[in-house]
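Each position in the sequence shown, counted from 1, maps to that position plus 207 in our numbering. Some notes on the structure that comes next.
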Amino acid sequence: MSDEILINVTLTETRVAVVENGLLQELYLERDDDASYVGNIYMGRVERVLPGMQAAFVNIGLDRTAFLHANDILPRQPELNEEGEPVQPPAISELVHQGQQLLVQVIKDPLGSKGARLTTQLSIPSRYLVLLPEVANIGVSVRIETDEERQRLKDLLRSLIGEQVKAGFILRTNAEGVGEEALAKDIDYLRRLWARIEASVGSAKPGQCIYEDLSLPYRSLRDHMHAGIDKVRIDDQATQERAVRFAKEFFPEWSDRIEHYRADGPLFDLYGVEDEISRALSRVAPLKSGGHLAIDQTEAMTTVDVNTGAYVGFRNLEETIYKTNLEAAQAIARQLRLRNLGGIIIIDFIDMNDPEHKRQVLRTLQRALARDHARSTVSEISPLGLVEMTRKRTTESLEHRLCEPCKACDGRGRVKSVETVCAEIFREILRAVRQFETGQLRVMATPTVVHRILEDHHRSIAELTEQLGTSIQFQPEEQYGQEQFDVVLL
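So this is what it looks like as structure tokens:
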């Protein structure tokens, strides 16, 4: 099977699915009222400087002030002293002051209660290049691995930009194998775009957006379209027509691969994308062998636990564990991409005794992560059998985008047992009788709780009414959650 990009456009949201060999690998979502700010450039105003955190809060016109760390203000290339050692960076109070206006770019969307993350180190991407307006050097993506190709691209870019240009460029992974004409077109596009941005800076007011990155469909084409993509299917004709015009400007040789999806069935029913999205919201991700991954997100980190489950397919335990961990390593890399999990990630592989098995599992994980567009770092397996890794996070995870905390359990993932609620009701009855003089009480709770009290605790109710000298009525309420109840004085 070939790779495809599926773009589903509706009145309220746009979704982009990247499918590799018939299997969903990545999903991007943009809603009209919840668009991403990453890549946008704003004229910001410093609201507060926090010396203890080496950071500042900056107003860029969003609901919450954004966060700017000192490291994101300093030049990308650290200054060196005469001995060639890095110079101690200045304090945040020496870099910015309250009320100062700054040209800043969003590098991370607001997440949870945190505001957006900013940088003054601007970068503007195109199809093959990233423009660095204030840095005069050339970089090459680490995913272009051959020395010959890296040097070819550097030489070609230098010949195109000349020696007098102050701006720098990074050659993206997509640039591998491209020729002079394609790079020249990108350079011209980026120069014209930067000239427009510079012209807008002088008259910009604090909180004004000076440059807005492409909307999701075209951003996806820019970042994900490559020779291996056989088709791009778009179920909205107007979006498809604009996408073709966009493609003819940046990669005309592939523009004929973008087609309007006209079939009767929903686009995301192809390759079972909707089913895959539903499964990605589950805590458990099954493995083909019968094992499974248990994936838990917390505020601080994401944990992944590998379990053999029902898998007993090999002649000895060590071999069974090894095969399960190998399969899990590839599945974990896919789940991280699909669920858009980032930050600190702890993987608990099943304990292995053979050092070579540990090395092979780690290599498998690293190779599987190589296809991921998000940058990640992976540590060695610790003495406790854990792998610590980080994955760059710029937007919220799939679960946080599509779900909200459960109102019944307040996001805990657990509710009190029926027996626990019954005990709480008895305590509340005693508290009410001691606090108020009354001859009658009414208890309202979910039918399950009321049934348990009347069936299993009827003797306790009889003793309680005799002891307290009061009558108690029980009223089932269908709309109540399991933990919810009321004791009402009549």
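For glycine and all other residues, C-beta sits at the position ideal for the given N, C-alpha and C.
Endpoints, the beta strand (DSSP E) within which residue i is located
| i | result |
| --- | --- |
| P683 | 678-683 |
| Y249 | 248-257 |
| R649 | 647-652 |
| T597 | 593-598 |
| F692 | 692-696 |
| T571 | Segment 562-576 is the alpha helix (DSSP H) holding T571; no beta strand (DSSP E) there. |
| S586 | 583-588 |
| K315 | 308-315 |
| D210 | 210-216 |
| V698 | This structure cannot speak to residue 698, because the chain is shown only from 208 to 697. |
| F274 | 273-276 |
| T221 | 220-227 |
Pairwise C-alpha distance: residue j and residue i
| i | j | result |
| --- | --- | --- |
| S330 | L400 | 12 Å |
| R486 | C610 | 13 Å |
| V223 | G246 | 18 Å |
| A343 | L378 | 14 Å |
| H580 | F633 | 56 Å |
| E685 | D241 | 34 Å |
| V313 | R598 | 18 Å |
| L648 | L697 | 6 Å |
| Y468 | D443 | 8 Å |
| R666 | F681 | 15 Å |
| A434 | D210 | 10 Å |
| T677 | T509 | 52 Å |
| T656 | V625 | The displayed chain sequence assigns Val, not Thr, to residue 656. Near 6 Å, if we compare the C-alpha coordinates of V625 and V656. |
| L583 | V256 | The amino acid occupying residue 583 in the given sequence is Ser; Leu does not appear at that position. About 31 Å. |
Supposed contact pair residue j and residue i - C-beta distance, whole angstroms, cut 8 Å
| i | j | result |
| --- | --- | --- |
| G225 | E237 | Correcting the residue type first, residue 225 is Val in the shown sequence and not Gly. That pair is no contact at about 15 Å. |
| C629 | H664 | 6 Å |
| A277 | A262 | 7 Å |
| I554 | L593 | 7 Å |
| A470 | M250 | The pair is not a contact, with the Cβ atoms about 46 Å apart (cut-off 8 Å). |
| A454 | I465 | 6 Å |
| Y244 | L423 | Actually they are not in contact, since the Cβ atoms of Y244 and L423 sit about 13 Å apart, beyond 8 Å. |
| R490 | A507 | Actually they are not in contact, since the Cβ atoms of R490 and A507 sit about 17 Å apart, beyond 8 Å. |
| L363 | L390 | 6 Å |
| I417 | S407 | 5 Å |
| P683 | P654 | 4 Å |
For residue i, the first and last residue of its enclosing alpha helix (DSSP H)
| i | result |
| --- | --- |
| A487 | 480-487 |
| H665 | 665-675 |
| H607 | 605-609 |
| L302 | 299-302 |
| F633 | 625-642 |
Cβ-based neighbour list, residue i, same chain, cut-off 6 Å, excluding 5 preceding and 5 following
| i | result |
| --- | --- |
| Q567 | none |
| E254 | F264, N266, T272 |
| L213 | A224, R440, L474 |
Contact set for residue i: own chain, Cβ-Cβ below 7 Å, skip 5 residues either direction
| i | result |
| --- | --- |
| Q537 | T571, A575 |
| L281 | P296 |
| E477 | Looking at the sequence provided, one finds Leu at residue 477 rather than Glu. L213. |
| T380 | S348, R350, I351 |
| P413 | M250, G251, R252, N266, Q308 |
Cutoff 8 Å; reference residue i; Cβ partners in own chain excluding five residues on either side
| i | result |
| --- | --- |
| V622 | A615, C616, G688, Q689, E690 |
| L488 | L605, E606, L609, C610 |
| I727 | Coverage of the chain is limited to positions 208 through 697, which leaves residue 727 absent and any answer about it impossible. |
| D437 | S209, D210, E211, R464 |
Which runs of the alpha helix (DSSP H) at least 4 residues long sit entirely within the stretch 409-463? Give them in chain order.
Complete alpha helix (DSSP H) runs here, min 4: 423-431, 444-457.
Enumerate, from N- to C-terminal direction, the unbroken beta strand (DSSP E) stretches of 3 or more residues contained entirely within the stretch 498-532.
499-504, 509-514
Whole runs of the beta strand (DSSP E) within the stretch 369-409, excluding any shorter than 3 residues:
375-378
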